Amino acid sequence: DIQMTQSPASLSASLEEIVTITCQASQDIGNWLSWYQQKPGKSPQLLIYGATSLADGVPSRFSGSRSGTQYSLKISRLQVEDIGIYYCLQAYSAPPTFGAGTKLELK
Amino acid sequence: EVQLVESGGGLVKPGSSLKLSCVASGFTFSSYGMHWIRQAPKKGLEWIALIYYDSSNKYYADSVKGRFTISRDNSKNTLYLEMNSLRSEDTAMYYCAKGAGSPDYWGQGVMVTVSS
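Protein sequences appear in the order of chains R and B. Residues in the first sequence are numbered consecutively from 19, following our numbering. Residues in the second sequence are numbered consecutively from 3, following our numbering.
So, in structure tokens, the structure goes:
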């Protein structure tokens, strides 16, 4: 199975700060990487698919990038509503595998 | 508007069976693969099963293989997860999600608690 190593596990940042979360794939997954945001008590919401494509309705301060087998989610100017847990997901091969999650809090 | 509504959860004893349903609306259900994904309390997301749009292929996580069965009825726009031989470690919120690649819509989830 493909392992997704996500870091950091938790992150405390200030409003308007730039935030970056990364996922390292254990093997090549091409662009089959998506990012999700989960707020407390809610189901996950798709932010980024295809490693770099912004999902419908997602603010443009969110962006995704890829360098080899390392994938990054960047929030350009952190807002209060961005607080939550972020997960990456690889869908290159079955079984799809999630990263362990990054808990993003306000400093 | 895409909607996915799960049902069928509850409190059951170890070794019991349960069948979850997910009714879809707002899109052509028969054209999309569908996932079941679960989340144990205070834990991360765990993918557990995928079914192609036409039921031609099904995939399972090792943790549920042989105990859980994913199926669908395209005439009823409904996805199912039949769960047998339930264990305490199956306690989780169960989500259905649309899209065989990167699931783009998720239901609100249904809670399954396995406890004696």
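All residues carry an ideal CB built from backbone N, CA and C; glycine is no exception. Everything numeric in this text was worked out from a predicted model, so none of it was measured.
In chain order, what residues of the same chain have a beta carbon less than 6 Å from the beta carbon of residue i, not counting five sequence neighbours either side?
i: leucine 81/B; result: Cys24, Met36, Arg74 and Cys98
i: glycine 117/R; result: Met22, Gln24, Cys41, Tyr105 and Cys106
i: glycine 28/B; result: Glu3, Val4 and Gln5
i: valine 84/B; result: Per the sequence shown, the amino acid found at residue 84/B is glutamate instead of valine. Taken in chain order, the residues that qualify are Lys21 and Thr71.
i: aspartate 92/B; result: Val116
i: serine 18/B; result: Leu88
i: lysine 57/R; result: Gly102
CA-CA distance, residue i and residue j?
i: valine 98/R; j: leucine 52/B; result: 34 Å
i: leucine 122/R; j: isoleucine 39/B; result: 22 Å
i: proline 16/B; j: serine 32/R; result: 45 Å
i: leucine 22/B; j: proline 62/R; result: 19 Å
i: leucine 72/R; j: serine 83/R; result: 11 Å
i: threonine 30/B; j: leucine 6/B; result: 12 Å
i: leucine 96/R; j: glutamine 55/R; result: 14 Å
i: arginine 69/B; j: lysine 45/B; result: 22 Å
i: glycine 86/R; j: serine 104/B; result: 19 Å
i: isoleucine 93/R; j: glycine 59/R; result: 22 Å
i: glutamine 110/B; j: tyrosine 96/B; result: 9 Å
i: alanine 27/R; j: threonine 120/R; result: 5 Å
i: lysine 78/B; j: tyrosine 34/B; result: 14 Å
What is the residue span of the beta strand (DSSP E) that residue i lies within?
i: lysine 100/B; result: 94 to 100
i: phenylalanine 70/B; result: 70 to 75
i: threonine 115/B; result: 112 to 116
i: glutamine 24/R; result: 22 to 25
i: phenylalanine 80/R; result: 80 to 85
i: threonine 40/R; result: 37 to 43
i: serine 23/B; result: 20 to 27
i: serine 30/R; result: 28 to 31
i: glycine 102/R; result: 102 to 108
Along chain R, in chain order, which residues have C-beta atoms closer than 7 Å to that of residue i?
i: leucine 110/B; result: Per the sequence presented here, residue 110/B reads as glutamine, with leucine not at that position. Ser61, listed in chain order.
Counting only Cβ pairs nearer than 7 Å, list the residues of chain B close to residue i.
i: alanine 109/R; result: Gly103 and Ser104
i: serine 52/R; result: Ser104
i: glycine 119/R; result: Gly46
i: alanine 31/R; result: Under the 7 Å cutoff, chain B gives no residues; its nearest Cβ is about 20 Å from alanine 31/R.
Could you pull out every residue in the same chain whose Cβ sits closer than 7 Å to the Cβ of residue i, ignoring the five residues on either side in sequence?
i: isoleucine 66/R; result: Ser52, Trp53, Leu72, Ala73, Phe80, Gly82 and Leu91
i: alanine 69/R; result: Asn49, Leu51, Gly82, Arg84 and Tyr89
i: lysine 125/R; result: Ser30, Ala31 and Ser32
i: aspartate 46/R; result: Thr87
By the criterion of Cβ-Cβ separation under 8 Å, what are the contact partners of residue i in chain B?
i: tyrosine 105/R; result: Gly46 and Leu47
i: tyrosine 67/R; result: Gly103, Ser104 and Asp106
Counting only the same chain and skipping the five closest in sequence on each side, list residues whose C-beta sits under 8 Å from that of residue i.
i: glutamate 48/B; result: Ile39, Arg40, Gln41, Ala42, Ala63, Ser65 and Ala94
i: aspartate 19/R; result: Pro113 and Thr115
Can you pull the chain R residues whose beta carbon is under 8 Å from the beta carbon of residue i, in chain order?
i: alanine 63/B; result: Pro113
i: tyrosine 97/B; result: Ser61 and Pro62
Run through chain B and tell me which residues come within less than 9 Å of residue i, C-beta to C-beta.
i: phenylalanine 116/R; result: Ile39, Gly46, Leu47, Glu48 and Trp49
Are at least three pairs of beta-carbons, each pair with one atom in the region 105 to 122 of chain R and one in the region 50 to 58 of chain R, less than 8 Å apart? Cβ pair count under 8 Å is three or more, so yes.
For the region 51 to 67 of chain B against the region 110 to 118 of chain B, are there 3 or more C-beta pairs whose distance is under 8 Å? Cβ pair count under 8 Å is below three, so no.
With a threshold of 8 Å, are at least 3 pairs of Cβ atoms found where one atom belongs to the region 30 to 39 of chain R and the other to the region 8 to 26 of chain B? At 8 Å Cβ cutoff, the stretches do not touch.
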